[in-house]
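Chemist: Chains as they are written, first to last, in the numbering used here: chain A, 5 to 383; chain B, 193 to 319.
Backbone N, C-alpha and C define an ideal beta-carbon position, used for all residues, glycine too.
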């Protein structure tokens, strides 16, 4: 700990997993953090290019951060500066999709000094991360519930499939003085399903084939289904061929549950993806997501919990499906950084009704810490 | 070579310790690491969401990796890459589906059919 001095409040973690949430929470709580043993046993040790790119992005959003990486890259020390925001541009590394960077950026956006206007370039869709379509369809409606409404937008100006990338998105977010406490407990009933099928640098017919196969499966449960097609040509379509589908089920109370599937990237091992299989695959994943259920989809669980914890000093409640491993770790981190704990109750289905609504749900309750954006004057 | 060392700590068979290019220094590495860890973690002990002790996980991993290939070589790369939650696994917010392809459409649909407006509303009034 020589490099960081003997700060007793430096939180220390190990490994590259959960790097984003650690650095994001460090920034929000203004506590230095040290992460050791990053791939220390790997043949390719230390932080990878995409993580370095993420750290550079954090440096762009903040003012006066101090970041130290040791010679082998296996240890990162981060002393956060002020969260500035404003207009930023960032070229995201192509190893991960823009969603990887955007998920973290969304966590920070409401708390910046200047309203965030971020232009991110890179891979818009890959098989690993949540795509920008997915975040646009599920995450933005969630943010609105916390009072982030005016100027909230995610625009996909160019699309870029993995591995070449070449896509571009513009994310804008307001920075209110305080976040509203929420009660996201009513799931309602799924009233419609919307989808976005895209195809870049492949036959325009591909998107239609995806739509047809997905509709064939989904039509059994609902009639209100519409899947938009988005075929991009030339520079708007990025550098690599690819196609994919994002599906979102919307309930009567405005809950959004999503799923997505993406074609195998060019040059990867294995058979090329068949559009019909992809359409069915995404539909099946949507069914699985509905089975898990809850009022927040599995990718955005941690985001909802973060904003509940940092909201106004009032009770917030959310009903979620099973917690993802990412969210479970996030709860531990929330406790480390903000000393916030959630009350967790399992909601058992009522026995007399015997409705088929999937897995058991849990209700998380907390009192917000009353995090205020000090750059905003009292109105 | 580092990975080979760490596994040879646990292995009892002579053949294995012969095959791994002689260990040494690794023990020191491990100990130094855990000592530092104890110092750093001081204020996190009141963790009520479950014990997040990484040392235990490390030990388990090493035991799991103990298997031999063809009785001669040892596996040095990590097994079970799909498992998430390990300290050096992929940082991804997505929740992988454990049941995989095992469940058919009909099977899942039967379990969730009342999630749709077309399903049973139970005691609730239809809106």
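Quick one: which residues of the segment 129-150 of chain A get their C-beta closer than 7 Å to a C-beta of chain B? List them in chain order.
Modeler: Hits within the stretch, in order: 132, 133 and 134.
Chemist: I'd like to confirm the pairing. Which residues does DSSP put opposite residue 283 of chain B in its beta bridges?
Modeler: In DSSP, residue 283 of chain B forms no bridge with anything.
Chemist: Tell me where the alpha helix (DSSP H) around residue 332 of chain A begins and ends.
Modeler: 329-342 is the extent of the alpha helix (DSSP H) around residue 332 of chain A.
Chemist: Less than 8 Å separating the beta-carbons of residue 370 of chain A and residue 320 of chain A?
Modeler: For residue 370 of chain A and residue 320 of chain A, yes; Cβs fall inside 8 Å.
Chemist: Tell me whether the beta-carbon of residue 379 of chain A lies closer than 8 Å to the beta-carbon of residue 266 of chain A.
Modeler: No, they are not a contact pair.
Chemist: Give me, in chain order, the residues of the same chain whose beta-carbon lies closer than 6 Å to that of residue 129 of chain A; leave out the 5 immediate sequence neighbours on both sides.
Modeler: These residues qualify, in order along the chain: 135, 165, 248 and 266.
Chemist: What residues of chain B sit near residue 440 of chain A, judged by a beta carbon separation below 8 Å?
Modeler: Within the shown structure, residues of chain A are numbered from 5 to 383, placing residue 440 of chain A beyond reach of any answer.
Chemist: I'd like to check one pair, residue 360 of chain A with residue 323 of chain A: are the Cβ atoms closer than 8 Å?
Modeler: No, these two residues do not count as a Cβ contact at 8 Å.
Chemist: Short of 7 Å in beta carbon distance, which residues of its chain neighbour residue 57 of chain A, apart from the five on each side in sequence? Order them along the chain.
Modeler: Result list for residue 57 of chain A: 96 and 97, in chain order.
Chemist: Taking the CB atoms as reference points, tell me whether residue 26 of chain A and residue 39 of chain A lie closer together than 8 Å.
Modeler: Closer than 8 Å, so yes.
Chemist: Using the Cα positions of residue 82 of chain A and residue 16 of chain A, report the straight-line distance between them to the nearest angstrom.
Modeler: Whole-angstrom Cα-Cα distance: 11 Å.
Chemist: Please list the segments of the alpha helix (DSSP H) lying wholly inside the segment 41-73 of chain A, counting only runs of 4 or more residues, in order along the chain.
Modeler: You should have 53-65.
Chemist: Apart from the five residues just before and just after residue 374 of chain A, which ones in its own chain have a Cβ nearer than 7 Å to its Cβ?
Modeler: These residues qualify, in order along the chain: 316 and 317.
Chemist: Just to check my reading of the structure: residue 162 of chain A and residue 240 of chain A have Cβ atoms closer than 8 Å, yes? What is that Cβ distance to the nearest angstrom?
Modeler: Yes, residue 162 of chain A and residue 240 of chain A are in contact; Cβ-Cβ is about 5 Å, under 8 Å.
Chemist: Do the segment 212-224 of chain A and the segment 172-187 of chain A make contact, defined as three or more Cβ pairs closer than 8 Å?
Modeler: Contact between the segment 212-224 of chain A and the segment 172-187 of chain A is absent, because fewer than three Cβ pairs lie under 8 Å.
Chemist: Give me the subset of the segment 288-299 of chain A whose CB atoms are less than 8 Å from a CB atom of chain B, sorted by chain position.
Modeler: Flagged, chain order: 288, 289, 291, 292, 294, 295, 296 and 297.
Chemist: Rounding to the nearest angstrom, what Cα-Cα distance links residue 30 of chain A and residue 84 of chain A in this structure?
Modeler: Distance between the alpha carbons of residue 30 of chain A and residue 84 of chain A is about 7 Å.
Chemist: What did DSSP end up calling residue 320 of chain A once you bin it into helix, strand or coil?
Modeler: DSSP places residue 320 of chain A in strand when its eight states are reduced to three.
Chemist: How many angstroms separate the CA atom of residue 208 of chain A from the CA atom of residue 90 of chain A?
Modeler: Distance between the alpha carbons of residue 208 of chain A and residue 90 of chain A: 38 Å.
Chemist: Strictly below 7 Å CB to CB, what residues from chain B border residue 359 of chain A?
Modeler: Result: 306, 312 and 314.
Chemist: Can you tell me which of the three DSSP states residue 364 of chain A falls into?
Modeler: Note: residue 364 of chain A maps to coil in three-state DSSP.
Chemist: For chain B, check one thing: does any of its Cβ atoms lie closer than 8 Å to the Cβ of residue 267 of chain A?
Modeler: No, its Cβ sits nowhere closer than 8 Å to a Cβ of chain B.
Chemist: In three-state DSSP terms, what is residue 203 of chain A?
Modeler: Three-state DSSP puts residue 203 of chain A in a strand.
Chemist: To the nearest angstrom, report how far apart residue 284 of chain A and residue 376 of chain A are at their CA atoms.
Modeler: Cα to Cα, the separation comes out at about 45 Å.
Chemist: Just checking: is the beta-carbon of residue 9 of chain A within a distance shorter than 8 Å of some beta-carbon in chain B?
Modeler: Low local confidence applies: a pLDDT of 42 at residue 9 of chain A is under 50, so the model's placement there is unreliable, with the coordinate-based value given in what follows. No, its Cβ sits nowhere closer than 8 Å to a Cβ of chain B.
Chemist: Examine chain B for any beta-carbon lying closer than 8 Å to the beta-carbon of residue 224 of chain A, and answer yes or no.
Modeler: True, the Cβ-Cβ gap to chain B drops below 8 Å.
Chemist: With a cut-off of 8 Å, does the C-beta of residue 43 of chain A fall near any C-beta of chain B?
Modeler: For residue 43 of chain A, the answer is yes, since a Cβ of chain B falls inside 8 Å of its Cβ.
Chemist: Which residues in the same chain have their Cβ closer than 8 Å to the Cβ of residue 292 of chain A, if we skip the five residues on either side of it in sequence?
Modeler: So the qualifying residues of the chain are 263.
Chemist: Can you have a look at residue 304 of chain A and say buried or exposed, based on whether 16 or more other CB atoms are within 10 angstroms of its CB?
Modeler: Residue 304 of chain A comes out buried.
Chemist: Given that residue 24 of chain A touches chain B, what residues does it touch there, using C-beta distances under 7 Å?
Modeler: What residue 24 of chain A touches in chain B: 283.
Chemist: Using a cut-off of 7 Å between C-beta atoms, extract the partners of residue 194 of chain A located in chain B.
Modeler: The answer, in chain order, is 307, 308 and 309.
Chemist: Please state whether DSSP places residue 166 of chain A in a helix, a strand or coil.
Modeler: Coil, per DSSP.
Chemist: Using a Cβ-Cβ cut-off of 7 Å (strictly less than) and excluding sequence neighbours within five positions of residue 159 of chain A, which residues of its own chain qualify?
Modeler: Excluding sequence neighbours, residue 159 of chain A sits near 173 and 174.
Chemist: For a minimum of 3 consecutive residues, which ranges assigned as the beta strand (DSSP E) are wholly contained in the segment 114-162 of chain A?
Modeler: 118-126 and 157-162, all fully within the segment 114-162 of chain A.
Chemist: Spell out the partners DSSP gives residue 262 of chain A in its beta bridges.
Modeler: Looking at the DSSP assignment, residue 262 of chain A forms a beta bridge with A/252.
Chemist: Return the bridge partner residues of residue 371 of chain A from the DSSP annotation.
Modeler: Paired residues: A/319.
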